[in-house]
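Engineer: I'd like to ask some things about the structure below.
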Amino acid sequence: MELLESYHLDEKFIAPFQMQIKKIFLLMKARTFQERSENEHLIIELEKEVETLEERYAYGKIEEAVFQKYRSRKQEEIEKVRSKLEETKNEISNLEMFIKISVEISQNISKYWGSGNLDVKRKIQKLVFPEGIILSTQNSQYLTSKVNSLFSLKLDFIRTSEDVKEKLLTENDEEFSLVAEGGFEPPTFGL
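Pasting the structure below:
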């Protein structure tokens, strides 16, 4: 419970933190758009290559075995790229509400832990520490190799905000330009 309480952000930093999360989402969305565009272009190129193979086969310029071999390779490449496209398809319909709920849950995660049953506690542990958590008995510290991006970002924000006394983030401010590595996972555990 004490470890989960360490993710609680001072009330005066909640709005700036929400703005920071929004900036990260918008940055990720721009990157995703670029990736989608590149993958769509790659699919067009690969389909043209398949078409060229089919044309060469139709005019007897290559043998059937060669045609089948290279056509199946190109089809596999196309399917891999389409799979990547599917991974980038998810959109958040109401980003403001999503951020608000994510921050609210993360602000109260220790309360949910304290009042939750064993199933809720397992879901919270999996949410915050997706690869598990270990208690070191030698120095009574928690050890984990991965923390959910929201909670990791929140700890970074807490550390950074300790140095900031008066200045709070505004819409156009770049004071807290933290970027989550490896994406952002929303906190959901069925409460």
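Residue -15 is where the sequence shown starts when you use the numbering used here, and the numbers rise one by one after that. Note that beta-carbon positions come from the ideal geometry of N, C-alpha and C, so glycine has one too.
Does the beta-carbon of Lys64 have 16 or more other beta-carbons within 10 angstroms, so that it is buried, or is it exposed?
Structural biologist: Your numbering for residue 64 matches position 80 in the sequence shown. When all chains shown are included, Lys64 counts as exposed.
Engineer: Hey, quick one: how far does the alpha helix (DSSP H) through Met3 stretch, first residue to last?
Structural biologist: Locating residue 3 in the sequence shown gives position 19, where the first residue counts as 1. Note, Met3: alpha helix (DSSP H), -2 to 42.
Engineer: Thr16: which of Ile27, Glu75, Glu61 sits nearest, CA to CA?
Structural biologist: Locating residue 16 in the sequence shown gives position 32, where the first residue counts as 1. Of the listed residues, the one whose Cα sits closest to Thr16 is Glu75.
Engineer: When we look at the beta-carbon of Gln18 and count the other beta-carbons within 10 Å, is it buried (16 or more) or exposed?
Structural biologist: Position 34 of the sequence shown holds residue 18. Its Cβ having fewer than 16 others within 10 Å, Gln18 is exposed.
Engineer: Would you give the residue range spanned by the alpha helix (DSSP H) that Ile93 belongs to?
Structural biologist: Your numbering for residue 93 matches position 109 in the sequence shown. 93 to 99 is the extent of the alpha helix (DSSP H) around Ile93.
Engineer: Does DSSP classify Tyr(-9) as helix, strand or coil?
Structural biologist: Walking along the sequence shown from the start, residue -9 turns up at place 7. If DSSP states are grouped into helix, strand and coil, Tyr(-9) belongs with coil.
Engineer: DSSP state of Thr72, grouped into three classes?
Structural biologist: What you label residue 72 is simply residue 88 of the sequence shown in a count that begins at 1. It is coil, neither helix nor strand.
Engineer: Do Val104 and Asn132 have their C-beta atoms closer together than 8 angstroms?
Structural biologist: In the sequence shown, counting from the first residue as 1, residue 104 sits at position 120. In the sequence shown, counting from the first residue as 1, residue 132 sits at position 148. Result no, Cβ atoms of Val104 and Asn132 do not sit closer than 8 angstroms.
Engineer: Kindly list the residues whose CB is nearer than 8 angstroms to the CB of Ile62, restricted to its own chain and excluding five residues on each side of it in sequence; keep chain order.
Structural biologist: For the purposes of this step, residue 62 is taken as residue 78 along the sequence shown, with counting starting at 1. Correct list, in chain order: Ile27, Leu30, Glu31, Val34.
Engineer: Please identify the residue among Phe9, Thr36, Pro0, Ile46 whose C-alpha is closest to the C-alpha of Ser77.
Structural biologist: As a first step, residue 77 must be located in the sequence shown, where it is residue number 93. Comparing Cα-Cα distances from Ser77 to each of Phe9, Thr36, Pro0, Ile46, the minimum goes to Phe9.
Engineer: Alpha carbon to alpha carbon, what distance is there between Arg106 and Pro0?
Structural biologist: What you label residue 0 is simply residue 16 of the sequence shown in a count that begins at 1. What you label residue 106 is simply residue 122 of the sequence shown in a count that begins at 1. Their backbone Cα atoms lie some 30 angstroms apart in a straight line.
Engineer: Near Leu37, which residues of its chain fall below 8 angstroms by C-beta distance, leaving aside the five closest residues on each side in sequence?
Structural biologist: If you number the sequence shown from 1, residue 37 lands on position 53. Here the set comprises Ile46, Phe51, Tyr54, Arg55, Lys58.
Engineer: So Leu79 and Lys6 are supposed to be a Cβ contact under 8 angstroms. How far apart are they, rounded?
Structural biologist: Start at 1 with the first residue of the sequence shown, and residue 79 comes out as number 95. Start at 1 with the first residue of the sequence shown, and residue 6 comes out as number 22. With 8 angstroms as the limit, Leu79 and Lys6 qualify as a contact, their Cβ atoms being about 7 angstroms apart.
Engineer: Using beta-carbon positions only, say whether Leu(-7) and Phe141 come within less than 8 angstroms of one another.
Structural biologist: The residue given as residue -7 occupies position 9 in the sequence shown. The residue given as residue 141 occupies position 157 in the sequence shown. In contact: Leu(-7) and Phe141 (Cβ atoms closer than 8 angstroms).
Engineer: In angstroms with no decimal places, state the Cα-to-Cα distance between Val87 and Thr144.
Structural biologist: Here residue 87 refers to the residue found at position 103 when the sequence shown is read from its first residue. Here residue 144 refers to the residue found at position 160 when the sequence shown is read from its first residue. The straight-line gap from Cα to Cα measures roughly 17 angstroms.
Engineer: Is Ile85 helix, strand or coil when you go by DSSP?
Structural biologist: Numbered from 1 along the sequence shown, position 101 holds the residue referred to as residue 85. Of the three classes helix, strand and coil, the one that applies to Ile85 here is helix, per DSSP.
Engineer: Assuming Tyr96 and Ile108 form a contact by the criterion Cβ under 8 angstroms, report the distance between their Cβ atoms to the nearest whole angstrom.
Structural biologist: Residue numbering aside, residue 96 sits at position 112 when the sequence shown is read from its first letter. Residue numbering aside, residue 108 sits at position 124 when the sequence shown is read from its first letter. 6 angstroms between Cβ atoms; contact.
Engineer: Less than 8 angstroms between the beta carbons of Tyr(-9) and Leu137, yes or no?
Structural biologist: Along the sequence shown, read from residue 1 onward, the residue named residue -9 stands at position 7. Along the sequence shown, read from residue 1 onward, the residue named residue 137 stands at position 153. Not closer than 8 angstroms, so no.
Engineer: So Ile108 is in the alpha helix (DSSP H); what residue range does that whole segment cover?
Structural biologist: Position 124 of the sequence shown holds residue 108. From DSSP, the alpha helix (DSSP H) with Ile108 extends over 102 to 112.
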